[in-house]
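In our numbering, the protein residues as written are 2 to 278. We treat Cβ as the ideally placed atom computed from N, Cα and C, and that holds for glycine. Bear in mind that the values here come from a model prediction, so they are computed numbers and not experimental data. Everything on this sheet refers to the single structure shown next.
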């Protein structure tokens with residue numbers, strides 16, 4: 002059953018692209034027409050891509066893996082933070098710190114530092130610090146919370162990345178690609194859909210468009226989480242071995258088929274680049 006329909010997408014302004022002169026040729030298959038110098042996105046194709054991405058997200062959530070949402074643009078921050086928080090998934094809506102994925106161990110150390118400060122507050126250690134030391138610790142805690150607070154529960158690399166604007170979040174996208182992490186993203190007419198594994202052609206500037214698509218994806222994730230909970234409840238007291246990383250990888254196999262294609266394409270691009278040099 003489709004998760005959205007043409008009218009919902011139309012009402013949210015998902016079809017409005019950028020000026021023709023700013024377009025990315027790779028978006029041609031998703032452009033319906035040009036009107037007053039602006040490209041109009043084919044919403045029938047958008048609906049299909051949303052359904053495809055949502056089903057993949059549902060499978061990931063059902064497997065117990067995490068999806069990291071990235072939306073640092075002004076009009077998307079609050080929308081994404083508020084909606085994604087309800088799913089319990091991690092998100093980044095402030096500045097993307099370079100190496101957040103490729104240098105994940107260092108990021109985890111920073112998160113542990115933040116948690117250790119919290120522990121100091123609980124066990125009373127914080128109260129024994131001097132006024133100056135408390136001020137320094139408080140400032141450090143506030144800074145870490147702003148940058149990493151929403152990913153403190155991300156104990157290992159995410160199973161997938163969802164970005165609202167693939168052009169703006171190109172650093173995050175590139176890091177995910179290096180680590181073969183599947184990337185889902187809203188792709189406007191000025192962006193390259195080939196940079197992500199699950200491209201959703203859509204207006205990534207309008208708040209209504211951002212909310213609608215984020216909401217659909219989050220609903221799919223919640224469905225997956227609910228199904229996982231139901232299955233666990235059915236197991237009852239029956240002991241069942243915890244899935245190994247390799248078994249969880251198998252659960253994500255349908256999602257990663259696209260990744261393998263991208264890896265081959267990326268290798269070919271690198272080879273071509275080296276030849277030109």
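So residue i is in the alpha helix (DSSP H); what residue range does that whole segment cover?
| i | result |
| --- | --- |
| residue 35 | Note, residue 35: premise wrong, no alpha helix (DSSP H); beta strand (DSSP E) at 32-36. |
| residue 221 | 208-236 |
| residue 279 | Given a span of 2 to 278 for the chain in the structure shown, any question on residue 279 remains unanswerable. |
Please report the distance separating the alpha-carbon of residue i from that of residue j.
| i | j | result |
| --- | --- | --- |
| residue 125 | residue 112 | 20 Å |
| residue 289 | residue 128 | Outside the displayed span of the chain (2 to 278) sits residue 289, for which this structure offers no information. |
| residue 90 | residue 227 | 14 Å |
| residue 225 | residue 132 | 48 Å |
| residue 46 | residue 17 | 14 Å |
| residue 229 | residue 68 | 15 Å |
| residue 196 | residue 53 | 17 Å |
| residue 40 | residue 11 | 14 Å |
| residue 147 | residue 97 | 11 Å |
| residue 42 | residue 21 | 12 Å |
| residue 158 | residue 173 | 13 Å |
| residue 95 | residue 101 | 12 Å |
| residue 32 | residue 105 | 37 Å |
| residue 65 | residue 58 | 11 Å |
With a 10 Å radius around its C-beta and 16 neighbouring C-beta atoms as the bar for buried, classify residue i as buried or exposed.
| i | result |
| --- | --- |
| residue 29 | exposed |
| residue 149 | buried |
| residue 151 | buried |
| residue 285 | Residue 285 lies beyond the residue range present for the chain, which begins at 2 and ends at 278; the question has no answer from this structure. |
| residue 87 | exposed |
| residue 202 | buried |
| residue 176 | buried |
| residue 232 | exposed |
| residue 83 | exposed |
Quick one, are the C-beta atoms of residue i and residue j less than 8 Å apart?
| i | j | result |
| --- | --- | --- |
| residue 212 | residue 199 | no |
| residue 191 | residue 210 | no |
| residue 103 | residue 179 | yes |
| residue 7 | residue 55 | no |
| residue 189 | residue 19 | yes |
| residue 15 | residue 44 | yes |
How far does the beta strand (DSSP E) with residue i in it extend, from its first residue to its last?
| i | result |
| --- | --- |
| residue 40 | 39-42 |
| residue 171 | From DSSP, residue 171 is part of no beta strand (DSSP E) but of the alpha helix (DSSP H) over 171-179. |
| residue 202 | 199-202 |
| residue 111 | Premise fails: residue 111 lies in the alpha helix (DSSP H), 105-124, not in any beta strand (DSSP E). |
| residue 161 | 161-164 |
With a threshold of 8 Å between beta carbons, is residue i in contact with chain B?
| i | result |
| --- | --- |
| residue 197 | Here chain B cannot be found, since the structure has a single protein chain. |
TODO: State whether the segment 204-220 contacts the segment 142-153, with contact taken as three or more CB pairs (one from each stretch) at a distance under 8 Å.
DONE: no
Task: Validate contact between the segment 160-171 and the segment 179-197 using beta carbons, cut 8 Å, 3 pairs - done: yes
Task: the segment 201-212 in contact with the segment 75-88 per 3-pair CB rule at 8 Å - done: yes
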